[in-house]
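Enquirer: Below you'll find the structure I mean.
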Ligand SMILES: [Fe+2]
Ligand SMILES: [Fe+2]
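In our numbering, the protein residues as written are 169 to 457.
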């Protein structure tokens, strides 16, 4: 029996219990990573189908890292330009506004995990997996009656909760909690990352439409608001594991999974995705620089 006079503190807690209890959220001011400058504007712009090329050029021009990345992409073998592209205007037109938007949001996500002290190899791998999943999600969305640009975003954000959990593990001592062992961290990452990801989206003020597919990307049937978008996120993540996109390879049969049928993936569609996947994943590699 714990004496009534003894008040539980974080020191009494295992890291996993501290995470599961949600009490770490009381330290959200220090725990939650800041979104990079411009990120909210970039995410909103990426969801806006009517955004003008001029507005995209203006946003790219404000960010030197982004500007260099878009010009590099325009001059890459991928875009096969016949002449050298030296201005942002030319580069945006050459690359196309859809792909530029993807590069903008991918760059935001990659810069989030740039602090290797906090996120280490696992963080970089998580971001690479998220960017690959984003390209797969936008591809799957087209056959599932969902918006490709939006699917790119929830694909990009689907595992973002893992980043915060990795950070909270590395900083455990700061909150008076013993750092977790590898097995404890792995178990909590699997169990809690979707919930923590949805929490991050709220904290960052990102559009509520992105919440359901992030929260339910492992259990799309549980999604209340947007089950079809959650199914797209689910299928894109499983496909990322089919191709080993910075994650464990999973040798499963998509055609035996009813969620794949739900997003319109039959044997012909799967053969087409298998054919297109290497090109999509090559684009994902270009996006993160
Ligand atoms: Fe996940
Ligand atoms: Fe994932």
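Glycine included, each C-beta is placed from N, C-alpha and C at the ideal position. The structure presented is a predicted model; accordingly, all values stated were derived computationally and were not measured.
If you scan the segment 346-371 from start to end, which runs of the alpha helix (DSSP H) of 4 or more residues do you find wholly inside it?
Expert: As far as the segment 346-371 is concerned, its whole alpha helix (DSSP H) runs of at least 4 residues are 350-371.
Enquirer: I need the DSSP call for residue 392, collapsed to helix, strand or coil.
Expert: Walking along the chain shown from the start, residue 392 turns up at place 224. DSSP places residue 392 in coil when its eight states are reduced to three.
Enquirer: What number of angstroms, rounded off, separates the C-alpha of residue 170 from the C-alpha of residue 181?
Expert: Stepping through the chain shown from its first residue, residue 170 is reached at position 2. Stepping through the chain shown from its first residue, residue 181 is reached at position 13. Confidence is the limiting factor: at residue 170 the pLDDT is only 42, short of 50, which leaves the residue's position unreliable and the question unanswerable from this model.
Enquirer: Of all Cβ atoms in chain D, is any one closer than 8 angstroms to the Cβ of residue 426?
Expert: Given the protein chain composition of this structure (a single chain), no chain D is represented.
Enquirer: Residue 397 and residue 308: beta carbons closer than 8 angstroms?
Expert: Locating residue 397 in the chain shown gives position 229, counting from the first residue. Locating residue 308 in the chain shown gives position 140, counting from the first residue. Cβ atoms of residue 397 and residue 308: not closer than 8 angstroms.
Enquirer: Within 10 angstroms of its Cβ, does residue 270 collect 16 or more other Cβ (buried), or is it exposed?
Expert: Taking the chain shown and counting its residues from 1, one reaches residue 270 at position 102. Classification of residue 270: buried, given that the 10 Å Cβ count is 16 or more.
Enquirer: In or out: residue 306 buried (at least 16 other Cβ within 10 Å) or exposed?
Expert: Along the chain shown, one-based indexing puts residue 306 at 138. Buried, because 16 or more other Cβ atoms sit within 10 Å of the Cβ of residue 306.
Enquirer: Which residue from 445, 237 and 374 puts its Cα closest to that of residue 255?
Expert: Along the chain shown, read from residue 1 onward, the residue named residue 255 stands at position 87. Looking at the Cα atoms, 237 is the closest of the given residues.
Enquirer: Using a Cβ-Cβ cutoff of less than 8 angstroms, which residues in the same chain neighbour residue 178 once the five nearest sequence positions on both sides are dropped?
Expert: By one-based count along the chain shown, residue 178 stands at place 10. Any reading at residue 178 needs caution, since the residue's pLDDT is 49, under 50, leaving its predicted position unreliable; the model's value is listed next. Around residue 178: 186, 191, 343, 344 and 345.
Enquirer: Cβ of residue 376 within 8 angstroms of Cβ of residue 384?
Expert: By 1-based counting over the chain shown, the position of residue 376 is 208. By 1-based counting over the chain shown, the position of residue 384 is 216. Not closer than 8 angstroms, so no.
Enquirer: Does ligand 2 have a heavy atom nearer than 7 angstroms to the CB of residue 327?
Expert: Taking the first residue of the chain shown as position 1, residue 327 is located at position 159. Checking every heavy atom of ligand 2 against the Cβ of residue 327, one is found closer than 7 angstroms.
Enquirer: Is it the case that the Cβ atoms of residue 277 and residue 234 are separated by a distance below 8 angstroms?
Expert: Walking along the chain shown from the start, residue 277 turns up at place 109. Walking along the chain shown from the start, residue 234 turns up at place 66. No, Cβ-Cβ distance for residue 277 and residue 234 is not below 8 angstroms.
Enquirer: Any heavy atom of ligand 2 inside 7 angstroms of the beta-carbon of residue 297?
Expert: As a working mapping, residue 297 is identified with position 129 in the chain shown. Yes, Cβ of residue 297 sits closer than 7 angstroms to a heavy atom of ligand 2.
Enquirer: Please report the straight-line C-alpha distance between residue 228 and residue 207, rounded to a whole angstrom.
Expert: In the chain shown, counting from the first residue as 1, residue 228 sits at position 60. In the chain shown, counting from the first residue as 1, residue 207 sits at position 39. Going from the Cα of residue 228 to the Cα of residue 207 covers about 12 angstroms.
Enquirer: If I measure Cβ to Cβ from residue 258 and keep anything under 8 angstroms in the same chain, skipping five residues before and after, which residues do I get?
Expert: In the chain shown, counting from the first residue as 1, residue 258 sits at position 90. For residue 258, where only same-chain residues beyond five positions count, the Cβ hits under 8 angstroms are 242.
Enquirer: Quick one: Cα of residue 317 to Cα of residue 351, how far?
Expert: The residue given as residue 317 occupies position 149 in the chain shown. The residue given as residue 351 occupies position 183 in the chain shown. Distance between the alpha carbons of residue 317 and residue 351 is about 36 angstroms.
Enquirer: Is there contact here, the segment 356-363 with the segment 405-415, by at least three beta-carbon pairs under 8 angstroms?
Expert: No, they do not touch.
Enquirer: Using the Cα positions of residue 365 and residue 327, report the straight-line distance between them to the nearest angstrom.
Expert: Reading the chain shown from its first residue, position 197 is the one you call residue 365. Reading the chain shown from its first residue, position 159 is the one you call residue 327. Each residue's Cα considered, the two are about 7 angstroms apart.
Enquirer: Among 338, 263, 304 and 331, which residue has its Cα nearest to the Cα of residue 363?
Expert: Working through the chain shown from its first residue, we reach residue 363 at position 195. Residue 363 has its Cα closest to that of 331, out of 338, 263, 304 and 331.
Enquirer: With distances taken Cα to Cα, identify the nearest neighbour of residue 196 among 249, 409, 368 and 224.
Expert: Your numbering for residue 196 matches position 28 in the chain shown. Taking only the C-alpha atoms, the option nearest residue 196 is 368.
Enquirer: Express the C-alpha separation of residue 406 and residue 301 in angstroms, rounding to a whole number.
Expert: Counted from its first residue, the chain shown places residue 301 at position 133. Counted from its first residue, the chain shown places residue 406 at position 238. Their Cα atoms are separated by approximately 9 angstroms.
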